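Chains E and Y, in that order, are what the protein sequence lines are. In terms of our numbering, the first sequence is numbered consecutively and its last residue is 228. In terms of our numbering, the second sequence is numbered consecutively and its last residue is 406.
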Amino acid sequence: MIELKDITKTYRKNGGMEVNVLQGVSLRIEKGEYVAIMAPSGMGKSTLMNIIGCLDRPSTGEYRLDGIEVEKMDDDSLSSVRNKKIGFVFQSFHLLPRTTALENVQLPLIYSTDETDMDARAGAALDEVGLGDRMHHVPGELSGGQQQRVAIARSLVNDPSILLADEPTGNLDTASSTEVMSIFDKLHKDGRTIIMVTHSDEIAQRAGRVIKMRDGRIVSDDRRAA
Amino acid sequence: MKQAKTVRLALKAIGMNKMRTFLMMLGIIIGITTLTVIVSVGKGASAKVMKSIQNFGANAVLIFAGGGKVMGPPDEKVNTLTLEDSQAILQEVKGIRSMDTALIRVGRTVKYEDNNTNTVIYGGTTNYGDAWEWPVESGDYFTEEDMGSMARVAVLGKTVVRELYGDADPIGTNIRIENVNFKVVGVLGPRGTSPMGMDMDSRIIVPYTTAARRVFNTPYVSLIRIAAADPNQVEKIESDVAALLTDRHRIQAGFPEDFRVRGASSVSKMAKGMMGTLNLFLGLVSLISLAVGGLVVMNIMLISVGERVKEIGLRRALGARKQDVRSQFLIESSLITVMGGLIGVVVGLVVSVLLPIMSKGKMAALPSWEPFVLGFVFSAMVGILAGIHPATKAAEMDPVVALKG
Ligand SMILES: Nc1ncnc2c1ncn2[C@@H]1O[C@H](COP(=O)(O)OP(=O)(O)O)[C@@H](O)[C@H]1O
Ligand SMILES: [Mg+2]
Numbered sequence: 003m004i005e006l007k008d009i010t011k012t013y014r015k016n017g018g019m020e021v022n023v024l025q026g027v028s029l030r031i032e033k034g035e036y037v038a039i040m041a042p043s044g045m046g047k048s049t050l051m052n053i054i055g056c057l058d059r060p061s062t063g064e065y066r067l068d069g070i071e072v073e074k075m076d077d078d079s080l081s082s083v084r085n086k087k088i089g090f091v092f093q094s095f096h097l098l099p100r101t102t103a104l105e106n107v108q109l110p111l112i113y114s115t116d117e118t119d120m121d122a123r124a125g126a127a128l129d130e131v132g133l134g135d136r137m138h139h140v141p142g143e144l145s146g147g148q149q150q151r152v153a154i155a156r157s158l159v160n161d162p163s164i165l166l167a168d169e170p171t172g173n174l175d176t177a178s179s180t181e182v183m184s185i186f187d188k189l190h191k192d193g194r195t196i197i198m199v200t201h202s203d204e205i206a207q208r209a210g211r212v213i214k215m216r217d218g219r220i221v222s223d224d225r226r227a228a
Numbered sequence: 002m003k004q005a006k007t008v009r010l011a012l013k014a015i016g017m018n019k020m021r022t023f024l025m026m027l028g029i030i031i032g033i034t035t036l037t038v039i040v041s042v043g044k045g046a047s048a049k050v051m052k053s054i055q056n057f058g059a060n061a062v063l064i065f066a067g068g069g070k071v072m073g074p075p076d077e078k079v080n081t082l083t084l085e086d087s088q089a090i091l092q093e094v095k096g097i098r099s100m101d102t103a104l105i106r107v108g109r110t111v112k113y114e115d116n117n118t119n120t121v122i123y124g125g126t127t128n129y130g131d132a133w134e135w136p137v138e139s140g141d142y143f144t145e146e147d148m149g150s151m152a153r154v155a156v157l158g159k160t161v162v163r164e165l166y167g168d169a170d171p172i173g174t175n176i177r178i179e180n181v182n183f184k185v186v187g188v189l190g191p192r193g194t195s196p197m198g199m200d201m202d203s204r205i206i207v208p209y210t211t212a213a214r215r216v217f218n219t220p221y222v223s224l225i226r227i228a229a230a231d232p233n234q235v236e237k238i239e240s241d242v243a244a245l246l247t248d249r250h251r252i253q254a255g256f257p258e259d260f261r262v263r264g265a266s267s268v269s270k271m272a273k274g275m276m277g278t279l280n281l282f283l284g285l286v287s288l289i290s291l292a293v294g295g296l297v298v299m300n301i302m303l304i305s306v307g308e309r310v311k312e313i314g315l316r317r318a319l320g321a322r323k324q325d326v327r328s329q330f331l332i333e334s335s336l337i338t339v340m341g342g343l344i345g346v347v348v349g350l351v352v353s354v355l356l357p358i359m360s361k362g363k364m365a366a367l368p369s370w371e372p373f374v375l376g377f378v379f380s381a382m383v384g385i386l387a388g389i390h391p392a393t394k395a396a397e398m399d400p401v402v403a404l405k406g
């Protein structure tokens, strides 16, 4: 369960000017929810995702993840949380070039305490996104949609409870987007918490909850029956 | 398993830019090659020194006429050492087992039938074999009777035999030394090179009396060789002889000596000094190459870290701790330097094998296993030292900023 209370984030620009990207975000996301976050560019969506993903720390405010106060964790513990509980999916895939799909998917396992069956687990994750037959292909040999599916397999390999997808279809054509979105639907049905940033109303409709932001604040939070 | 994976990923990163990897290795290869050659040449040289000190004699003390020079053949024009000096040494210095007093001339022409050669003429006593611990191989040394009668008899070194006779037996034949006829009565056993690199087998031994009166017409002494009863007494004998001769020759304190006393210890000291200079030079070359190599590795690693900012951010997002990122780059830099080091050891050993062949035996080198240990330790050290700064820079990046690239 994710609980944010009065989260702010202030960046100091090079000139010394302060930018208040988040100005008091309070939010509670239950286990198994499928949440879409919508806002125009530069409104702090990625900043919020990074804070939820324990990759960034808020300037002020409280963040509890499964009841644990994240502000009090040290850097190594945050790394371990990212490794075990969080799966990131990025707009630009972030796959290592000239590295096979299997090895890309294994990356989180290298930093995990559970080192058993690395090949089998990575293979299973690729099967789950329908790329079991592309294990030994490098990203250059895969389409954009396939690359994003490899990235999703990578986010799944350590069996995290939360998936954070920041505009996952932003770089994809319609057909690939549909493929990727149906994978997220399936993962949600399997019980994972999914938080997704998107600009598309169509995609947001797949989520059970749509949060809209403006000027660093939540302006609407609609739940509807899925 | 996990470590193996990390190393494999590092190898992959290394393999992705072969030219760059080679550049990173180059300085290390040169440095470790030089280091390996130093070790091999050092070992070869000390084996050579050990051998020549053995030839010199662990219990030997040599007294040369004339001061100045460190080592080398006696000077013909100096007349500072006399038979009386040699008598006095024998009477007053303790611990002498045997002593040979000699008049020596170098580079003299010797003829046998139509063959001739240049060699050392050594006018010695009947103590020669004992003082030099040098038995004859065939025939015999001359006798006290020969000394008394100034007999024209000669004992030949192996090189002289080879050059004048080839494979024939010289015993009983006649040779001409400085136009005086001599009868060959014996052949010396082989001895090898002196600590100064001179062929000790190129010499002819004749009675001192014959050399002094019939051939060279001089009453002086060029060299006295003492065999100590106990090798531990050598240094004591050296200083006693020096004190005695200083006194007999009335040399004032602060004035140069007109004789040289050399024992096994001073010979090895001198040889080590010569080796030390070479090693110092090569050591400096090695050190500089390793330092420059280290700087190159550090700078290229910094470039590589700069190019892989996104990868670093990604790894952090996937759960890598700072220390995971740090060790990834440290493993990468030290893998590169260790591979360079191992190449350096192999190249160095090849050079060590070729060196004695190319220099026709002038340079000795002895390949051994030690360079592998040294090469590994030094190259790993350079890799870690050179990697610390880039690896720390990578580890300390803000993951959010890094992910953006
Ligand atoms: N590290 C940073 N330093 C300074 N400003 C930043 C930094 N990261 C983000 N920003 C600024 O914060 C604002 C919000 O960024 P972001 O969260 O990426 O927005 P979104 O994802 O909604 O487009 C932007 O104006 C951006 O320029
Ligand atoms: Mg964004």
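From the three backbone atoms N, C-alpha and C, an ideal C-beta is built for every residue, glycine too. Note that this is a predicted model, so its numbers are computed, not measured.
Looking at the DSSP output, E:Y65 sits in a beta bridge with E:L6. Annotated as proximal: E:R151 and E:V182, with beta-carbon spacing under 8 Å. In this structure the region 60-80 of chain E does not touch the region 325-338 of chain Y; the number of beta carbon pairs closer than 8 Å is below three. In this structure, E:A103 sits near E:H139, with a CB-CB distance shorter than 8 Å.
Within the model, the alpha-carbon separation for Y:V216 versus Y:M148 is close to 14 Å. One thing to note: Y:R322 has its Cβ within 8 Å of the Cβ of E:S81.
Counting only runs of 3+ residues, the beta strand (DSSP E) found wholly inside the region 221-256 of chain Y occupies 224-229, in chain order. Checking the DSSP bridge columns, you'll see Y:G125 partnered with Y:P208. E:D168 has its CB nearer than 7 Å to a heavy atom of ligand 2. Short of 8 Å from the beta carbon of Y:P391, and not among the five residues preceding or following it, lie these beta carbons of its own chain, in chain order: M299, M302, L303, S305, V306, F330 and S334.
When secondary structure is reduced to three states using DSSP, Y:T83 falls in the coil class, being assigned neither helix nor strand. Annotation: E:P60 to E:V23 spans about 10 Å, alpha carbon to alpha carbon. Put simply, the backbone Cα of E:L165 is about 39 Å away from that of Y:A387. For E:Y113, the chain Y residues whose C-beta falls within less than 8 Å of its own C-beta are R316, L319, G320, A321, R322 and D325, listed in chain order.
Residue contact with chain E for Y:M20: absent (no Cβ-Cβ distance below 8 Å to any residue of chain E).
For Y:V401, the closest Cβ of chain E is nearer than 8 Å. Around the beta carbon of E:T115, fewer than 16 other beta carbons sit within 10 angstroms, so the residue counts as exposed. A straight line joining the alpha-carbon of Y:A155 with that of Y:V121 spans about 12 Å. The alpha helix (DSSP H) runs lying completely inside the region 110-177 of chain E and spanning 4 residues or more are 120-130 and 146-158, given in chain order.
Take Y:I344, set aside five residues on each side of it, and the residues of its chain with a beta-carbon closer than 6 Å to its own are I30, in chain order.
Listed in chain order, the positions of the region 296-315 of chain Y with a beta carbon within less than 9 Å of a beta carbon of chain E are K311, E312, G314 and L315.
The Cβ-Cβ distance between Y:A132 and Y:A243 does not fall below 8 Å. In terms of Cα proximity to Y:L36, the closest of Y:K159, Y:L24 and Y:S353 is Y:S353. Residue contact with chain E for Y:M382: absent (no Cβ-Cβ distance below 8 Å to any residue of chain E). Residue side-chain check: E:K33 keeps its Cβ at 7 Å or more from all non-hydrogen atoms of ligand 2. Interface flag for Y:K394 against chain E is unset, since no Cβ pair is found closer than 8 Å.
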